[in-house]
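Using this note's numbering, the first residue of the sequence shown is number 35, and each one after it goes up by one.
Input: a single structure, listed below in structure tokens.
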Amino acid sequence: MDVYGLIGNPVGHSLSPPMHEAAYEELDLNARYVTFEPDAADGAAAVEAAETLGVDGLNVTIPFKEDVLDAVEPDDLARRVGAVNTVDFSGEVPTGHNTDVAGVQRSFEHFDVPLAGADAVVVGAGGAARAAAVALVTDGAEVAIANRTVERAEALADDVGADAHGLDALEDLVSEADVLVNATSVGMEEDVSPVPADALHGDLAVLDAVYTPLETRLLREAADAGATTIDGAWMLLYQGVAAFERWTGEDAPVEAMNAALREGL
Ligand code: NAP
């Protein structure tokens with residue numbers, strides 16, 4: 035039997051187990067997906083332990099994401115993002131990958147939104163924003179990053195080849211943009227949007243990384259403005275799809291995984 039899993043703390047509410055197990059069931063694979071919640075945030079020790087135990091693949095979440103980077107051989111993308119969220123133990127040494135980038139790219143692809151040549155705006159400068167910015171730049175978009183703390187936007191923009199702004203620039207940036215990603219946590223706790231509603235328009239595609247709730251105020255207002263709206267569960271789904279495909283070498287049963295994920299949400 036193949037064993038895959040998620041390491042993080044906390045991981046009790048993770049939707050990865052039902053999403054991956056739905057795929058194993060659909061394709062009749064002899065595999066299980068389990069969660070590991072160590073107290074000590076030592077990613078290197080955790081990777082070594084998983085390898086010793088014969089785990090085939092690991093997803094990695096907070097607080098291990100950056101830490102694990104030094105314990106594996108990261109691929110170019112994981113290096114550029116500066117974080118590993120998927121470890122593959124099938125080679126001679128554990129390799130590290132970042133499937134959040136594919137999560138963003140494949141979400142837009144699913145909705146037939148072209149990224150090459152698009153004017154894109156990313157709100158935020160944390161981990162999700164970094165993955166989104168790398169995804170958009172890699173697919174040929176012109177990216178502007180707007181963040182509450184402008185210095186963090188500048189640092190990220192320097193790293194990925196984008197422009198940096200404060201949140202006060204959002205209205206102008208978004209009214210001219212083709213693509214918008216909210217990669218802040220704004221909209222999770224309260225029914226507020228990080229983007230002025232007046233700036234949203236019908237030629238825009240909006241991905242909100244927030245997935246609790248699924249329908250954020252930003253997506254509601256974007257839909258009212260006639261924009262294409264993509265909720266955060268799509269990004270979550272496609273990062274899982276990318277991990278599944280890397281580990282198993284099979285095409286993922288996307289519909290079964292999506293149904294399990296949305297049932298969990
Ligand atoms: P993070 O590294 O902590 O970054 C948080 C970002 O949100 C920072 O840019 C921060 O700005 C900004 N922010 C927080 N509160 C704000 C406020 N009140 N007003 C304006 N900006 C604010 O977090 P993360 O890991 O990137 O996650 C961000 C969001 O993406 C979360 O909701 C997370 O659940 C979601 N996410 C979704 C997926 C998915 O697959 N759908 C994957 C990863 C993350 P400052 O720099 O100024 O503090």
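No residue lacks a Cβ here, since even glycine has one placed at the ideal position from N, Cα and C.
Exercise for review: Spell out a yes or no on whether the stretch 180-197 and the stretch 154-168 are touching, meaning 3 or more CB-CB pairs, one atom from each, closer than 8 angstroms.
Suggested key: yes
Review point. With respect to 6 angstroms, is the separation between the Cβ of residue 40 and the closest non-hydrogen atom of the ligand NAP below this value?
Key: Result no, Cβ not under 6 angstroms from the ligand NAP.
Review point. Based on Cα-Cα distance, which residue from 223, 254, 212 lies nearest to residue 231?
Key: 254
Check your understanding: CB of residue 141 to nearest heavy atom of the ligand NAP: below 6 angstroms?
Key -> no
Practice item. Could you tell me if the beta carbon of residue 69 falls within a distance shorter than 6 angstroms of some heavy atom in the ligand NAP? Key: Answer for residue 69: no, Cβ out of range of the ligand NAP.
Point to revise | Closest Cα partner of residue 70 within the set 48, 108, 250, 63 | key: 48
Practice item. Spatial neighbours of residue 287 within its chain, please: CB distance less than 8 angstroms, with the 5 preceding and 5 following residues excluded, ordered by chain position. Key: 56, 57, 60, 61.
Review point. How close, in whole Å, do the beta carbons of residue 81 and residue 39 come, if the pair is a contact with beta carbons under 8 angstroms?
Key: Their Cβ separation, rounded to whole angstroms, is 12 angstroms, which puts residue 81 and residue 39 out of contact at 8 angstroms.
Review point. What is the rounded straight-line gap between the Cα of residue 19 and the Cα of residue 117?
Key: Beyond the ends of the chain as shown, which are 35 and 299, falls residue 19; an answer cannot be given.
Review point. According to the neighbour-count rule (16 or more other Cβ atoms, all chains shown, within 10 Å of its Cβ), is residue 260 buried or exposed?
Key: Its Cβ having fewer than 16 others within 10 Å, residue 260 is exposed.
Check your understanding: Which ranges would you report for the beta strand (DSSP E) in the stretch 57-113 if only whole runs of at least 3 residues count?
Key -> You should have 65-70, 91-94.
Practice item. Only counting runs of 4 or more residues, tell me where the alpha helix (DSSP H) segments fall wholly within the stretch 130-198, in order along the chain. Key: With a minimum length of 4 residues, the unbroken runs of alpha helix (DSSP H) contained wholly in the stretch 130-198 fall at 133-144, 161-172, 184-194.
Exercise for review: Buried or exposed for residue 278, please, with buried defined as at least 16 other CB atoms from any protein chain shown within 10 angstroms of its CB.
Suggested key: buried
Practice item. Drop a sphere of 10 angstroms on the beta-carbon of residue 87, count the other beta-carbons inside from all chains shown, and report buried for 16 or more, exposed for fewer. Key: exposed
Exercise for review: Leaving aside the five residues before and after residue 2 along the sequence, list all residues of the same chain whose C-beta is less than 6 angstroms from its C-beta, in chain order.
Suggested key: The requested residue 2 is not part of the displayed model; the chain covers only 35 to 299.
Review point. Does the ligand NAP have even one heavy atom less than 6 angstroms from the beta-carbon of residue 291?
Key: no
Point to revise | alpha helix (DSSP H) segment containing residue 374, residue limits | key: The question about residue 374 has no answer here: the residues shown for the chain are numbered 35 through 299.
Check your understanding: Using a Cβ-Cβ cut-off of 7 angstroms (strictly less than) and excluding sequence neighbours within five positions of residue 218, which residues of its own chain qualify?
Key -> 157, 158, 228
**Study point:** Same chain, Cβ closer than 6 angstroms to residue 235, five either side skipped, listed in chain order
**Key:** 259
**Study point:** Cα-Cα separation between residue 72 and residue 130, rounded to whole angstroms
**Key:** Taking the straight line from one Cα to the other gives about 20 angstroms.
Practice item. Say yes only if the C-beta of residue 159 is nearer than 6 angstroms to one or more non-hydrogen atoms of the ligand NAP, and no if none qualify. Key: yes
Exercise for review: Could you tell me the distance, in whole angstroms, from the CA atom of residue 246 to the CA atom of residue 270?
Suggested key: 12 angstroms
Practice item. Check the C-beta distance from residue 133 over to residue 273 and give it rounded, since I have them as a contact under 8 angstroms. Key: 4 angstroms
Check your understanding: Helix or strand or just coil, what does DSSP make of residue 240?
Key -> It is a strand residue.
Check your understanding: Rounded to whole angstroms, how far is the Cβ of residue 177 from the Cβ of residue 262, which I believe are closer than 8 angstroms?
Key -> Not really, about 18 angstroms apart at Cβ, beyond 8 angstroms.
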